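Student: Quick note, the sequences are listed as chains A and B, same order.
Mind the numbering: the first sequence is residues 1 to 123 in this note's numbering, read in order.
Mind the numbering: the second sequence is residues 124 to 646 in this note's numbering, read in order.
Think of the CB as a built atom: it goes at the ideal place given N, C-alpha and C, for glycine as much as any other residue.
Just so it is clear, the structure is predicted and the values come from calculations on it, not from any experiment.
Okay, handing you the structure first.
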Amino acid sequence: MARYFTEEHEWIEVDGEAATIGITDYAQEQLGDVVFVEVPQTGTALEKGAEAAVVESVKAASDVYAPISGEVLEGNGALEADPELVNSSPEDEGWFFKMTVADKSELEGLMDAAAYKAFCDGL
Amino acid sequence: MNKPINQSGWKPGTPVASDGSAHPTVTGNKALMLEEPLIFESGGADICGVDLPETPTDLPSRLGAFARKDAIGLPGLSEPQTVRHYTRLSRQNYGIDLGFFPLGSCTMKHNPRLNEKVARMPGFADVHPMQPTDTVQGALGVMNELAHWLITLTGMHGVAMSPKAGAHGELCGILCIRAALEARGDARKVVLVPESAHGTNPATAAFAGYSTEDIPATAEGRVDLEALKARLGPDVAAVMITNPNTCGLFERDLKEISDAVHAAGGFVYCDGANFNAIMGRVKPGDLGVDAMHINLHKTFSTPHGGGGPGSGPVVLSEALSPFGPLPFTAKTADGYVHLVEEENAQEYDHVQAFGRMTAFHGQMGMFTRALTYILSHGADGLRQAAGDAVLNANYILRQLESDLDAPFAASGPCMHEALFSDAGFAEGFSTLDLAKGLIDEGFHPMTVYFPLVVHGAMLVEPTETEAKSGIDQFIMAMRSLAERAKAGDAALKSAPHHAPRARLDEAQAARNPRLTWSAPDET
Chain A
1 MARYFTEEHE
11 WIEVDGEAAT
21 IGITDYAQEQ
31 LGDVVFVEVP
41 QTGTALEKGA
51 EAAVVESVKA
61 ASDVYAPISG
71 EVLEGNGALE
81 ADPELVNSSP
91 EDEGWFFKMT
101 VADKSELEGL
111 MDAAAYKAFC
121 DGL
Chain B
124 MNKPINQSGW
134 KPGTPVASDG
144 SAHPTVTGNK
154 ALMLEEPLIF
164 ESGGADICGV
174 DLPETPTDLP
184 SRLGAFARKD
194 AIGLPGLSEP
204 QTVRHYTRLS
214 RQNYGIDLGF
224 FPLGSCTMKH
234 NPRLNEKVAR
244 MPGFADVHPM
254 QPTDTVQGAL
264 GVMNELAHWL
274 ITLTGMHGVA
284 MSPKAGAHGE
294 LCGILCIRAA
304 LEARGDARKV
314 VLVPESAHGT
324 NPATAAFAGY
334 STEDIPATAE
344 GRVDLEALKA
354 RLGPDVAAVM
364 ITNPNTCGLF
374 ERDLKEISDA
384 VHAAGGFVYC
394 DGANFNAIMG
404 RVKPGDLGVD
414 AMHINLHKTF
424 STPHGGGGPG
434 SGPVVLSEAL
444 SPFGPLPFTA
454 KTADGYVHLV
464 EEENAQEYDH
474 VQAFGRMTAF
484 HGQMGMFTRA
494 LTYILSHGAD
504 GLRQAAGDAV
514 LNANYILRQL
524 ESDLDAPFAA
534 SGPCMHEALF
544 SDAGFAEGFS
554 TLDLAKGLID
564 EGFHPMTVYF
574 PLVVHGAMLV
584 EPTETEAKSG
594 IDQFIMAMRS
604 LAERAKAGDA
614 ALKSAPHHAP
624 RARLDEAQAA
634 RNPRLTWSAP
644 DET
């Protein structure tokens, strides 16, 4: 399994043919208390960079983008009742959705953990 | 400066410490600060405050399955009880008539009482939109004259008066643009929105069926002209630009932007919510704008923010005017003001209207107030109001730039709002804490966490309403709060301490909102 990061502060963990997507600890820290999350419907076809989910905090509403192209396998239903999971466990239980990996080469442009940390330190 | 507001020592609600331990009262009241239950908790369903004749119970009902099964359970209160309930609640509220209300991007300015006097005249207040036009010539005359002055002030060609608020006006403008594009058989799909624009802009474009794309802001807080030009093309229907923008800056390149957009076959929508800063000084028509809404309830002082409805007329360029919505007024040489609607649009050569924004003519009460404001100020007064609003904001920016991080202070003078960030606050302290502390100091907090391009943004708009003495008190409070936030004063984390209610759990309120009341035994 390998975990990648985007400049829009999503993380994506690839496990074989499927990937899990969420927002990073840095992102949840910036957003503040998350009050609402809208995850995509199973079967939705997503292009890399397309708006995939919405996260709303006490401060702002933001889009979450698909880091790669593929089809949505499952949204995290637990976030509907417990959006605070995004704050308490952003990179684990607070995952947003799972999707297929249409084109593995799209992963190449993403950052690894060290590169992402350096990116955040530079902000 | 630096003197307490009330040097005699009397302060509202002073004697009781925030934990209530000092001299508690059995009622929970603190002298003139009165505790007040919900109206459902204060009245009884078995009490009736008015003297009504006995209701006959043997009437045939035509409601069938829709008839109420239970008692309605409304609380019964007498008139004085009802008056006191709402008066007490109003004392816990904060408004522009009570003090400084620096809500950036919202222009909370004083509503001159002359406006109210005029708006209450029966010829304006007690008319019905379906009255014959010869019985409402005064009201139609006001609409026609206001339309004239809005066109004159903006240097535009036409105006749609009916939109009911800013975002409604945006929609009207974008629908005009869509109608104009459709009329020439041009199916453009994209609307460009800079990061420094109002948040309603992309929502409007999406609502009108367009996809939106962001245009980045430069480091100095303005639209990135080169990025915008690079994105223009045959698929771009319009660019929506807020000017002055949400960073409080004038978009100096607007003319060049307009020229580029027009050359690419698109239209320019200008969000005019911040027109307050430039009225009487800049005509958007000179800058190549095709459509712009004007918030009468901001720029022209009609009350809002809980105090009244909005009104968002849209001024239109020559290219867009033929597509403006019905109805509108037209004055003929004999002095008669006609209402142009579907039935007679042909007579006035206005056959391409995209439709209507509202059933009737718009917000009459706002029209009379706005026209009163315009005529009572005159050209020189309007110009000065804009100048004073900008001067006040710059005074705050320069007084506070060494106490708070001001990200665009080096971009030159600001317009009508000063922008600060939470950079430099102690670990764990943020804009929210400062804003809550401001409540304790007796001010309505400024706009927080907007615009999004600035971390922990604080957007302060004093407007021309404030006198220097009031602004100096605000600056004194802000300096003290900035110092406490930088020093990590734990008491600031739990502010407000002196408000009728302590800090509320906003996350909980948003996650589990309780929007209806139910009796305690039902919960």
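1. Taking A270 (chain B) and M279 (chain B) to be in contact with their CB atoms under 8 Å, please state how far apart those CB atoms are, rounded to whole angstroms.
2. Which class does G674 (chain B) belong to by DSSP, given the choice of helix, strand or coil?
3. Exposed or buried, which one is N152 (chain B) when buried takes at least 16 other CB atoms within 10 Å?
4. Quick one: grab the DSSP three-state call for N129 (chain B).
5. Check the DSSP bridge columns for R3 (chain A) and list the partner residues they point to.
6. Give the single residue among B:A622, B:V316, B:M569, B:L557 whose Cα lies nearest to the Cα of K609 (chain B).
7. Nearest chain B C-beta to P83 (chain A) closer than 8 Å, yes or no?
8. Using only the alpha-carbon positions, how far apart do L186 (chain B) and T639 (chain B) sit?
9. Between the Cα of H291 (chain B) and the Cα atoms of B:N418, B:V460, B:D347, which residue gives the shortest distance?
10. Around the Cβ of G132 (chain B), are there at least 16 other Cβ atoms within 10 angstroms (buried) or fewer (exposed)?
11. Are the C-beta of A60 (chain A) and some C-beta of chain B separated by less than 8 Å?
12. How long is the line joining the alpha carbons of A18 (chain A) and K104 (chain A), rounded to whole angstroms?
13. Cβ closer than 7 Å: which chain B residues qualify as neighbours of V54 (chain A)?
14. Is it buried or exposed for P436 (chain B), if we count other Cβ within 10 angstroms and need 16 for buried?
15. Does the Cβ of P530 (chain B) lie closer than 7 Å to at least one heavy atom of the ligand MN?
16. Quick one: is D33 (chain A) near chain B, going by C-beta distance under 8 Å?
17. Quick check on A630 (chain B) - is its C-beta less than 8 Å from some C-beta in chain A?
18. Mind checking if L575 (chain B) is an interface residue toward chain A, Cβ cutoff 8 Å exclusive?
19. Threshold first: 4 residues or longer. Then list the alpha helix (DSSP H) segments lying entirely within the region 408-446 of chain B, N to C.
20. Using alpha carbons as the reference points, say which of B:P619, B:A168, B:T150, B:F543 lies closest to C370 (chain B).
21. Please name the residue in B:E268, B:N267, B:G246 whose C-alpha comes closest to that of V259 (chain B).
22. Can you give the beta carbon distance from V86 (chain A) to V39 (chain A), rounded, assuming they're within the 8 Å contact cut?
23. Which same chain residues end up closer than 6 Å to G579 (chain B) when comparing Cβ atoms and leaving out the 5 residues on each side of it in sequence?
24. Looking only at DSSP bridge pairs, what is P317 (chain B) linked to?
25. Apart from the five residues on each side of it in sequence, which residues of its chain come closer than 8 Å, Cβ to Cβ, to L615 (chain B)?
26. So is Y572 (chain B) in contact with chain A if we call contact Cβ pairs under 8 Å?
27. Taking Cβ positions, are P367 (chain B) and N397 (chain B) nearer each other than 8 Å?
28. I need the boundaries of the beta strand (DSSP E) containing E51 (chain A), first residue and last residue.
29. Does any residue of chain B have a CB that is nearer than 8 Å to the CB of F5 (chain A)?
30. With DSSP collapsed to three states, give me the class of L620 (chain B).
31. Does the distance from the C-beta atom of L582 (chain B) to that of S228 (chain B) stay below 8 Å?
32. Where in the region 535-598 of chain B do unbroken runs of the alpha helix (DSSP H), each at least 4 residues long, occur, reported from the N-terminal end onward?
33. Does the beta carbon of K134 (chain B) come closer than 8 Å to any beta carbon on chain A?
34. Under 7 Å between beta-carbons, which chain A residues line up against A194 (chain B)? List them in chain order, please.
35. To the nearest angstrom, how far is the alpha carbon of A190 (chain B) from that of P179 (chain B)?
36. With a threshold of 16 other CB atoms inside 10 Å of the CB of A512 (chain B), please say whether the residue is buried or exposed.
Tutor: Straight from the coordinates:
1. Residue mapping note: residue 270 (chain B) aligns to position 147 of the second sequence, counting from 1. Residue mapping note: residue 279 (chain B) aligns to position 156 of the second sequence, counting from 1. Distance from A270 (chain B) to M279 (chain B) at the Cβ level is roughly 11 Å; contact not present, criterion being Cβ atoms closer than 8 Å.
2. This structure does not reach residue 674 (chain B), given that chain B is present from 124 up to 646, and the question cannot be answered.
3. Position 29 of the second sequence, counted from the start, is the residue given in the question as residue 152 (chain B). So N152 (chain B) ends up on the exposed side.
4. For the purposes of this step, residue 129 (chain B) is identified with residue 6 of the second sequence, where counting begins at 1. With a pLDDT of 48 at N129 (chain B), under the threshold of 50, the modelled position of that residue is not reliable, and the figure given next carries that caveat. DSSP places N129 (chain B) in coil when its eight states are reduced to three.
5. Here residue 3 (chain A) is taken as the residue at index 3 of the first sequence, counted from 1. When beta bridges are read from the DSSP output, R3 (chain A) appears opposite A:E13.
6. Within the second sequence, residue 609 (chain B) is the residue found at index 486, counting from 1. Its Cα nearest to that of K609 (chain B), the residue B:L557 stands out among B:A622, B:V316, B:M569, B:L557.
7. The residue labelled residue 83 (chain A) in the question sits at position 83 within the first sequence. Chain B contact via Cβ: present.
8. What you label residue 186 (chain B) is simply residue 63 of the second sequence in a count that begins at 1. What you label residue 639 (chain B) is simply residue 516 of the second sequence in a count that begins at 1. Taking the straight line joining both Cα atoms gives about 25 Å.
9. By 1-based counting over the second sequence, the position of residue 291 (chain B) is 168. H291 (chain B) has its Cα closest to that of B:N418, out of B:N418, B:V460, B:D347.
10. Counted from its first residue, the second sequence places residue 132 (chain B) at position 9. Residue confidence is low: G132 (chain B) scores 45 on pLDDT, short of 50, so the model does not pin down where it sits. Its coordinate-derived value is still stated next. So G132 (chain B) ends up on the exposed side.
11. Reading the first sequence from its first residue, position 60 is the one you call residue 60 (chain A). A Cβ of chain B is located within less than 8 Å of the beta carbon of A60 (chain A).
12. Locating residue 18 (chain A) in the first sequence gives position 18, counting from the first residue. Locating residue 104 (chain A) in the first sequence gives position 104, counting from the first residue. If I take the Cα positions, the gap works out to 11 Å.
13. Here residue 54 (chain A) is taken as the residue at index 54 of the first sequence, counted from 1. Residues of chain B whose Cβ lies closer than 7 Å to the Cβ of V54 (chain A) do not exist, since the nearest Cβ in that chain is about 13 Å away.
14. Along the second sequence, one-based indexing puts residue 436 (chain B) at 313. Per the 10 Å Cβ criterion, buried.
15. Annotation note on the ligand MN: not contained in the displayed structure, which lists no ligands.
16. The residue labelled residue 33 (chain A) in the question sits at position 33 within the first sequence. Between D33 (chain A) and chain B, the shortest Cβ-Cβ separation is below 8 Å.
17. In the second sequence, residue 630 (chain B) corresponds to position 507, counting from 1. By this cut-off, A630 (chain B) is an interface position.
18. In the second sequence, the residue the question calls residue 575 (chain B) occupies position 452. Closer than 8 Å to the CB of L575 (chain B) there is at least one CB belonging to chain A.
19. 419-422, all fully within the region 408-446 of chain B.
20. For this step, residue 370 (chain B) is matched to residue 247 along the second sequence. When each option's Cα is compared against that of C370 (chain B), the closest is B:F543.
21. Walking along the second sequence from the start, residue 259 (chain B) turns up at place 136. With respect to the C-alpha of V259 (chain B), the residue from B:E268, B:N267, B:G246 having the closest C-alpha is B:G246.
22. Counting from 1 along the first sequence, the entry for residue 86 (chain A) is found at position 86. Counting from 1 along the first sequence, the entry for residue 39 (chain A) is found at position 39. Contact between V86 (chain A) and V39 (chain A) does not hold, since the beta-carbon distance rounds to 11 Å and is not under 8 Å.
23. Mapped onto the second sequence, residue 579 (chain B) falls at position 456. For G579 (chain B), where only same-chain residues beyond five positions count, the Cβ hits under 6 Å are S544, D545, S553, T554.
24. Residue numbering aside, residue 317 (chain B) sits at position 194 when the second sequence is read from its first letter. When beta bridges are read from the DSSP output, P317 (chain B) appears opposite B:I338.
25. For this step, residue 615 (chain B) is matched to residue 492 along the second sequence. Cβ neighbours of L615 (chain B) beyond the five flanking positions: F552, D556, L557, K559, G560, L604, R607, A608.
26. If you number the second sequence from 1, residue 572 (chain B) lands on position 449. With its beta carbon less than 8 Å from one in chain A, Y572 (chain B) belongs to the interface.
27. Counted from its first residue, the second sequence places residue 367 (chain B) at position 244. Counted from its first residue, the second sequence places residue 397 (chain B) at position 274. With respect to N397 (chain B), P367 (chain B) sits close: the two C-beta atoms are nearer than 8 Å.
28. As a position in the first sequence, residue 51 (chain A) is number 51, starting the count at 1. Looking at the DSSP string, the run of the beta strand (DSSP E) that includes E51 (chain A) is 51-57.
29. Counted from its first residue, the first sequence places residue 5 (chain A) at position 5. Taking Cβ atoms only, chain B never reaches closer than 8 Å to F5 (chain A), which makes this a no.
30. Position 497 of the second sequence, counted from the first residue, corresponds to residue 620 (chain B). The sequence shown places His at residue 620 (chain B), not Leu. Residue state, collapsed to three classes: coil.
31. As a working mapping, residue 582 (chain B) is identified with position 459 in the second sequence. As a working mapping, residue 228 (chain B) is identified with position 105 in the second sequence. Yes.
32. The alpha helix (DSSP H) runs lying completely inside the region 535-598 of chain B and spanning 4 residues or more are 554-563, given in chain order.
33. Start at 1 with the first residue of the second sequence, and residue 134 (chain B) comes out as number 11. With a pLDDT of 44 at K134 (chain B), under the threshold of 50, the predicted position of this residue should be treated as unreliable, and no value is reported.
34. Reading the second sequence from its first residue, position 71 is the one you call residue 194 (chain B). Under a criterion of Cβ atoms nearer than 7 Å, no residue of chain A is adjacent to A194 (chain B); the nearest Cβ is some 34 Å distant.
35. Along the second sequence, one-based indexing puts residue 190 (chain B) at 67. Along the second sequence, one-based indexing puts residue 179 (chain B) at 56. Answer to the nearest angstrom: the Cα atoms are 16 Å apart.
36. In the second sequence, the residue the question calls residue 512 (chain B) occupies position 389. By the neighbour-count criterion, in which a residue is buried when 16 or more other Cβ atoms sit within 10 angstroms of its Cβ, A512 (chain B) is buried.
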